[in-house]
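Chains as they are written, first to last, in the numbering used here: chain P, 1 to 280; chain R, 1001 to 1141.
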């Protein structure tokens, strides 16, 4: 059966992608941020996972308000980068893993999750940036296939944190019942604290961000019991997308090894954090 | 593979789900009490549909050209109210958000007519840009 080897959590701030596009990653402003990802890049290079399940949200680049799935699973063979207003970024398309994706959809439905099933969609910075941070930007092709899980965190009602945690547990069931010898990682993306809208724009909460990076490893059950309101209050309106990390954490064992974590503030207007969790 | 019967385990899962739902219960009204956080105001959010649809159009290069060539004509294709149209033409970011524009749509306007996201932030707060960078984001400027 397939195996889950670890989980990666990271912010997916678009300006990180812009910094890479402009070759700013070695500048004094950005170097400390990108340096923080080196240990995780090295881990990924050593472990060479076959499939990355990437939990993220589209930022109204591929999906509009005319239909808003709470959860959606990408079953496509390929995902092109979306045009977010500046033209598609110069990165290779991502290869999907449709066979596993359909198995995941089967498993979800059999366990009372009913996702939208997507066979054609583009992916925005929410998926691109985490992939570039952990795999680097390849010339021709990504060395890993992806299964995107889209979560609505922008138009209320968004799902409960506990529901996302439970989704992660069901994702684990799907991986462990998949007849294959492939090795999987799960990426939880988004956050950490930031708010972009309203008079509270520019809200940051570095103390809470650092605490979250501790608690996601050691006390995920508690984080899953928080209300959505508490996420918005603590991390800001857009920072509340941090609930997507709970899918990643739910997919892992209760006991995990924290291999690396890093925090940098602010990346653009966001507290940017990452964590690498390995199955114990 | 399919579970065709409800097992005791399923019932337990459902019970734990219900407990979790109870523990996490909050309401849109409750969330809307967080000060200065407009995205949870459903009436405003729904009111922004036209504005957001106009901005979504800017994902298409042909529409970006149309916007740059004749902004008023481009806006008119989406049936905006005068209030919405004026907010866009004046690049009144705070007003666009107040009218239900979501920032991720509004940013598409900033891709066509470049302005930094921190400037949009500062404008919404009503602060000078440098002061916003210092006081809200902790930058040394």
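Think of the CB as a built atom: it goes at the ideal place given N, C-alpha and C, for glycine as much as any other residue. Note that the structure is a prediction, hence the values are computed from the model and not measured.
Next item on the list: State the start and end residues of the unbroken alpha helix (DSSP H) segment that holds residue 1117/R.
Entry: One-based indexing of the second chain puts residue 1117/R at position 117. Going by DSSP, residue 1117/R is part of the alpha helix (DSSP H) stretching over 1117-1125.
Check: Who does residue 270/P pair with in a DSSP beta bridge?
Finding: In the first chain, residue 270/P corresponds to position 270, counting from 1. Residue 270/P is bridged to 267/P.
Check: Residues in its own chain within less than 7 Å of residue 170/P by CB, not counting five upstream and five downstream?
Finding: Walking along the first chain from the start, residue 170/P turns up at place 170. Same-chain partners within the cutoff: 107, 108, 111 and 113.
Notebook entry, point to check: Do you know offhand how far residue 68/P's Cα is from residue 268/P's?
Noted result: Here residue 68/P refers to the residue found at position 68 when the first chain is read from its first residue. Here residue 268/P refers to the residue found at position 268 when the first chain is read from its first residue. Distance between the alpha carbons of residue 68/P and residue 268/P: 27 Å.
Checklist line | Own chain residues within Cβ distance below 7 Å of residue 20/P, not counting five before or after | finding: The residue you call residue 20/P lines up with position 20 of the first chain. The answer, listed in chain order, is 132 and 137.
Check: Using 8 Å as the Cβ pair cut-off and three pairs as the minimum, do the region 1097-1110 of chain R and the region 1047-1056 of chain R touch?
Finding: Yes, the region 1097-1110 of chain R touches the region 1047-1056 of chain R.
Next item on the list: Say whether chain P places a C-beta atom closer than 8 Å to the C-beta of residue 1136/R.
Entry: The sequence position of residue 1136/R within the second chain is 136, counting from 1. Yes, residue 1136/R counts as interfacial toward chain P.
Check: In angstroms, rounded to a whole number, what distance separates the CA positions of residue 78/P and residue 96/P?
Finding: As a working mapping, residue 78/P is identified with position 78 in the first chain. As a working mapping, residue 96/P is identified with position 96 in the first chain. For residue 78/P and residue 96/P, the distance between alpha carbons rounds to 5 Å.
Next item on the list: Give every residue of the same chain whose Cβ lies closer than 8 Å to the Cβ of residue 177/P, excluding the five residues on either side of it in the sequence, and list them in chain order.
Entry: For the purposes of this step, residue 177/P is taken as residue 177 along the first chain, with counting starting at 1. Here the set comprises 1, 103 and 107.
Margin query: Can you confirm whether residue 249/P, when its beta carbon is compared against all beta carbons of chain R, has any partner nearer than 8 Å?
Written below: Here residue 249/P refers to the residue found at position 249 when the first chain is read from its first residue. Cβ-Cβ to chain R under 8 Å: no for residue 249/P.
Next item on the list: Please say whether residue 61/P and residue 82/P have beta carbons closer to each other than 8 Å?
Entry: Here residue 82/P refers to the residue found at position 82 when the first chain is read from its first residue. Here residue 61/P refers to the residue found at position 61 when the first chain is read from its first residue. The answer is yes: Cβ separation under 8 Å.
Notebook entry, point to check: Are any of the Cβ atoms in chain P nearer than 8 Å to that of residue 1066/R?
Noted result: Locating residue 1066/R in the second chain gives position 66, where the first residue counts as 1. So no, residue 1066/R is outside the interface.
Checklist line | Interface flag, residue 59/P vs chain A, CB-CB below 8 Å | finding: The structure shown contains no chain A; its protein chains are P and R.
Next item on the list: At 9 Å on the CB atoms, spell out the chain P contacts of residue 1043/R, in chain order.
Entry: Reading the second chain from its first residue, position 43 is the one you call residue 1043/R. Correct list: empty, because the minimum Cβ distance to chain P is about 12 Å.
Margin query: Does chain P have any CB closer than 8 Å to the CB of residue 1063/R?
Written below: For the purposes of this step, residue 1063/R is identified with residue 63 of the second chain, where counting begins at 1. Not closer than 8 Å to any Cβ of chain P, the Cβ of residue 1063/R fails to qualify, so no.
Check: Along chain R, in chain order, which residues have C-beta atoms closer than 7 Å to that of residue 200/P?
Finding: On the first chain, residue 200/P is found 200 positions in, with the first residue counted as 1. Within chain R, the residues near residue 200/P are 1035, 1036 and 1037.
Next item on the list: Just confirm the distance between the C-beta atoms of residue 105/P and residue 187/P, as a whole number of angstroms; I'd bet it's less than 8 Å.
Entry: For the purposes of this step, residue 105/P is identified with residue 105 of the first chain, where counting begins at 1. For the purposes of this step, residue 187/P is identified with residue 187 of the first chain, where counting begins at 1. The pair is not a contact, with the Cβ atoms about 19 Å apart (cut-off 8 Å).
Notebook entry, point to check: Relative to the alpha-carbon of residue 140/P, which residue among 90/P, 204/P and 236/P has its alpha-carbon at the smallest distance?
Noted result: Counted from its first residue, the first chain places residue 140/P at position 140. If we check each option's Cα against that of residue 140/P, 90/P comes out closest.
Notebook entry, point to check: Residues of chain P with CB under 8 Å from residue 1111/R, in chain order?
Noted result: Residue numbering aside, residue 1111/R sits at position 111 when the second chain is read from its first letter. Here the neighbours are 84, 85 and 86.
Notebook entry, point to check: When burial is assigned at 16 or more other CB atoms within 10 Å of the CB, is residue 1086/R buried or exposed?
Noted result: Counted from its first residue, the second chain places residue 1086/R at position 86. Exposed, since its Cβ has fewer than 16 Cβ neighbours within 10 Å.
Notebook entry, point to check: Any idea if residue 144/P is buried or exposed, counting beta-carbon neighbours within 10 angstroms, 16 or more meaning buried?
Noted result: Position 144 of the first chain holds residue 144/P. That one is buried.
Checklist line | DSSP-derived helix/strand/coil call for residue 165/P | finding: Sequence index remark: in the first chain, residue 165/P carries index 165 (1-based). The three-state secondary structure of residue 165/P, taken from DSSP, is helix.
Notebook entry, point to check: Count the other CB atoms within 10 Å of the CB of residue 1005/R; is the residue buried (16 or more) or exposed (fewer)?
Noted result: Here residue 1005/R is taken as the residue at index 5 of the second chain, counted from 1. Confidence at residue 1005/R is low in this model, with a pLDDT of 47, below 50, so its placement is unreliable and no value can be given for it.
Margin query: Quick check on residue 234/P: does DSSP put it in helix, strand or coil?
Written below: Position 234 of the first chain, counted from the start, is the residue given in the question as residue 234/P. In this structure, residue 234/P counts as helix in the three-state DSSP scheme.
Notebook entry, point to check: What do you get for residue 286/P, buried or exposed, if any count of 16 or more other CB atoms within 10 angstroms of its CB means buried?
Noted result: The shown model of chain P, from 1 to 280, leaves out residue 286/P, and the question about it has no answer.
Next item on the list: Check whether the Cβ of residue 279/P lies closer than 8 Å to any Cβ atom in chain R.
Entry: For this step, residue 279/P is matched to residue 279 along the first chain. Not one chain R Cβ lies under 8 Å of residue 279/P.
Checklist line | In chain order, each beta strand (DSSP E) run of at least 3 residues that lies wholly inside the region 140-205 of chain P | finding: 145-151 and 183-189
Notebook entry, point to check: Interface residues of chain R around residue 254/P at Cβ under 8 Å?
Noted result: Mapped onto the first chain, residue 254/P falls at position 254. Within chain R, no residue comes near residue 254/P; the closest Cβ sits about 15 Å away, beyond 8 Å.
Next item on the list: Can you have a look at residue 1141/R and say buried or exposed, based on whether 16 or more other CB atoms are within 10 angstroms of its CB?
Entry: In the second chain, the residue the question calls residue 1141/R occupies position 141. So residue 1141/R counts as exposed.
Next item on the list: Say whether chain R places a C-beta atom closer than 8 Å to the C-beta of residue 64/P.
Entry: Position 64 of the first chain holds residue 64/P. Closer than 8 Å to some Cβ of chain R, the Cβ of residue 64/P qualifies, so yes.
Notebook entry, point to check: Alpha carbon to alpha carbon, what distance is there between residue 249/P and residue 224/P?
Noted result: Looking up residue 224/P in the first chain gives position 224. Looking up residue 249/P in the first chain gives position 249. It is roughly 10 Å from the alpha-carbon of residue 224/P to the alpha-carbon of residue 249/P.
Next item on the list: Please confirm if residue 1132/R has its CB atom under 8 Å from at least one CB of chain P.
Entry: Translated into positions along the second chain, residue 1132/R becomes position 132. Yes - at least one Cβ of chain P is within 8 Å of the one on residue 1132/R.
Checklist line | Nearest residue (CA-CA) to residue 259/P, options 241/P, 279/P, 271/P and 11/P | finding: Counting from 1 along the first chain, the entry for residue 259/P is found at position 259. Considering only alpha carbons, the answer is 279/P.
Check: With DSSP run on the structure shown, which of helix, strand or coil describes residue 116/P?
Finding: Here residue 116/P refers to the residue found at position 116 of the first chain. Correct three-state label for residue 116/P: strand.
Check: Do you know whose CA, among 217/P, 4/P and 275/P, lies nearest residue 190/P's CA?
Finding: Locating residue 190/P in the first chain gives position 190, where the first residue counts as 1. For residue 190/P, the nearest C-alpha among the options comes from 275/P.
Next item on the list: Report the residue from 1117/R, 1084/R, 1118/R and 1127/R whose alpha carbon sits nearest the alpha carbon of residue 1047/R.
Entry: The count along the second chain starts at 1 and reaches residue 1047/R at position 47. Taking only the C-alpha atoms, the option nearest residue 1047/R is 1084/R.
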